[in-house]
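Here the structure is laid out as structure tokens; the discussion comes afterwards.
Residue numbers (the working numbering): 4 to 203.
What follows is the structure in structure tokens.
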């Protein structure tokens, strides 16, 4: 990796940390240049525009999510894999950067750009969320096929419940019950997954 590549990687890492705290919409050329100790022209040499940088940060966030959340949660047994996935996902940026005030950058970006339907960032983050939703749904389907989950379980409905439980947690953990939010989230995930199991 040459110097330019290292600098770009450092910008993306700082951008992920920054957007996990303040939101992707606050990521600007000026803010990132100051944060990374670069001149504005120095930072612009790595990206075509602010939007280009924001899109690159989202891609970087997804690569880190795959590396630090999806990969460690992999398991041959779908129920175990889903339990591990949500347990790791609960506070993944906080644990990755060891900073307690961080939250999920994907959730922040989805909320921030929800009304900007023509924005490439809206398109990107929506695609990312759809991929994750599809991944969860697929794991539920595997659990049904394996006889672990109730055969009458609707995979889309189950994935929707699980996904939305995380969305609620991402907001509530910084507003109410902050001290025990992660513990309560994991307990609720386990309860929900248990309710899906085949009792026969």
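All C-beta atoms in this analysis are idealised placements derived from N, C-alpha and C, irrespective of residue type, glycine included.
Residue i in three-state terms, based on DSSP
{"i": "residue 116", "result": "coil"}
{"i": "residue 178", "result": "coil"}
{"i": "residue 191", "result": "helix"}
{"i": "residue 4", "result": "coil"}
{"i": "residue 183", "result": "coil"}
{"i": "residue 18", "result": "helix"}
{"i": "residue 26", "result": "coil"}
Inter-residue CB distance, residue i and residue j (contact presumed, cutoff 8 Å)
{"i": "residue 26", "j": "residue 111", "result": "4 Å"}
{"i": "residue 150", "j": "residue 201", "result": "6 Å"}
{"i": "residue 145", "j": "residue 24", "result": "With a Cβ gap of about 35 Å, residue 145 and residue 24 do not count as contacting."}
Sheet register partners of residue i (DSSP bridge)
{"i": "residue 83", "result": "BP columns for residue 83 are empty, so no partner."}
{"i": "residue 200", "result": "152"}
Residue nearest to residue i in terms of C-alpha spacing, selected from the options
{"i": "residue 169", "options": "188, 200, 115 and 147", "result": "188"}
{"i": "residue 139", "options": "106, 115, 77 and 125", "result": "77"}
{"i": "residue 93", "options": "72, 124 and 24", "result": "72"}
{"i": "residue 64", "options": "108, 134, 125 and 113", "result": "108"}
{"i": "residue 96", "options": "192, 173 and 82", "result": "173"}
{"i": "residue 32", "options": "57, 16 and 20", "result": "57"}
{"i": "residue 53", "options": "122, 91, 75 and 6", "result": "122"}
{"i": "residue 70", "options": "91, 10, 163 and 124", "result": "91"}
{"i": "residue 142", "options": "162, 193 and 30", "result": "162"}
Any chance you could list the alpha helix (DSSP H) runs of at least 4 consecutive residues sitting entirely within the region 110-154, in chain order?
-> Runs found: 123-148.
Can you list, in chain order, the stretches of the beta strand (DSSP E) that have 3 or more residues and sit fully within the region 29-106?
-> Counting whole runs of 3 or more residues, the region 29-106 contains no beta strand (DSSP E) stretch at all.
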